[in-house]
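All letters in the sequence shown, in the order written, are residues 491 to 791 by my numbering.
Glycine included, every Cβ here is placed at the ideal spot set by N, Cα and C.
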Amino acid sequence: MRKKINKVWRWVRRILLIIILIPLVTLIGIRIFDGMKMRKDDSEIRTFMQRHYVAGQMDTLTLRKHQIVFLTSTNGKEHKDAIIFVHGSPGSMDAFLEYMVDTTLLSRADLIVYDRPGFGHSGFGRAETSLSGQANILADMMTSLHYKRYWLVGHSYGGPIIVQAAIRHPMLIAGLAIIAGSVSPELEPKSPWRKWIDLPLIKELFPVALTVSNEELMPLRHDLIMIEDDWDRIHAPVTLIQGTKDVLVPYQNLEYAIEKLTQADTVRTLIFEGESHFIPWSRKDEIVKEIVALMDFHKHG
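Here it is as structure tokens:
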């Protein structure tokens, strides 16, 4: 009888240990990850730019009650054009740093990348949850910087942001490059679990960058439905860039965009067979060439 009790007690202790340790280890892991804010500090960015012999300037604009931190890089020549890179979710300006020192792009325009609201250094943790709000912030940035023409490059969630900006503020934009853009409402998952993550007590367990991402992705499907009939307001040339094996933003998003872009000056496509969602980094050189080709079309089209 004693042996049986001891055996049961050993199993109870093991179960209790598992019940206690799993949440504890998970919480520790989450908090360690939370320390990784998915951003470089100013000194790291300056060092990166200097290592590539590129002039870079960090600045801040107050736009729609958000402090937006952005980086501008130039080759020292005065340009009338600027290319603005818009990162995905979660993310930060770090996503496009390699583009910011690309000599081919720098020969054509000044390059700008910014931390979107709630990410990086732009009010870390304070999300802008509406697509229209994101687009208006981008439009206000363009108005504040006073370039003659803007070319917008958006990856993932950055894709619908630049689409919305082109719909609402067409006079500001010379062309769009949508890289693996999540633009189709039908393909956007409903993800009811996102509401659970947004609950106060549960939210505290997750890294800040992920909770900000969750907040802005929750209404995305609805926001995309709201602009479904507005794509014909886009008249600028557009290039759609997509990997065929993207499991985060399916290839069919590209097909959806082609159907909707009925009034664009031209719709170009750059398709990478077998590539995933991370083509901005795995196929940078080809994407740079496509951005230049898009700019040349505008020049000669």
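- As the crow flies, the alpha-carbon of P770 is around 11 Å from that of F762.
- Going by DSSP, G615 is part of no beta strand (DSSP E) at all; its letter is neither H nor E.
- DSSP places M661 within a helical segment (H, G or I) once states are collapsed to three.
- Under the DSSP assignment, M590 falls in the alpha helix (DSSP H) whose first and last residues are 587-590.
- Less than 9 Å divides the Cβ of A726 from the Cβ of L666.
- Cβ contact annotation for K638 (same chain, cutoff 8 Å, sequence separation greater than five): K570, D571, in chain order.
- The three-state secondary structure of T619, taken from DSSP, is coil.
- The alpha carbon of R536 has as its nearest neighbour, out of D755, S563, L738, V728, the alpha carbon of S563.
- Of the candidates Q732, H611, Q557, H611 places its Cα closest to the Cα of M583.
- Counting only the Cα atoms, F614 lies some 33 Å from L784.
- For V698, the enclosing alpha helix (DSSP H) begins and ends at 698-707.
- Note that the stretch 701-711 does not touch the stretch 737-757; fewer than 3 beta-carbon pairs, one per stretch, sit closer than 8 Å.
- The Cβ atoms of D549 and F538 do not sit closer than 9 Å to each other.
- Between the alpha carbons of F696 and F609 lies a distance of about 15 Å.
- Apart from the 5 residues on each side of it in sequence, P580 sits with its Cβ closer than 8 Å to the Cβ of M528, F609, A699, L700, V702, S703 in its chain, given in chain order.
- In the structure shown, the three-state DSSP call for H645 is strand.
- Membership of R758 in the beta strand (DSSP E) is indicated by the continuous run 757-762.
- Counting along the chain, the unbroken alpha helix (DSSP H) around M716 starts and ends at 710-716.
- Cβ neighbours of A625 within its own chain (closer than 7 Å, five residues either side excluded): I651, Q654, A655, R658.
- Here V778 really is in contact with L595; their C-beta atoms are around 6 Å apart, less than 8 Å.
- Taking 9 Å as the cut-off, the beta carbon of G648 is found closer than this to the beta carbon of V576.
- Our two residues, L551 and R606, have alpha carbons roughly 12 Å apart in a direct line.
- If you check the CB distance, S620 and P675 do not come in under 9 Å.
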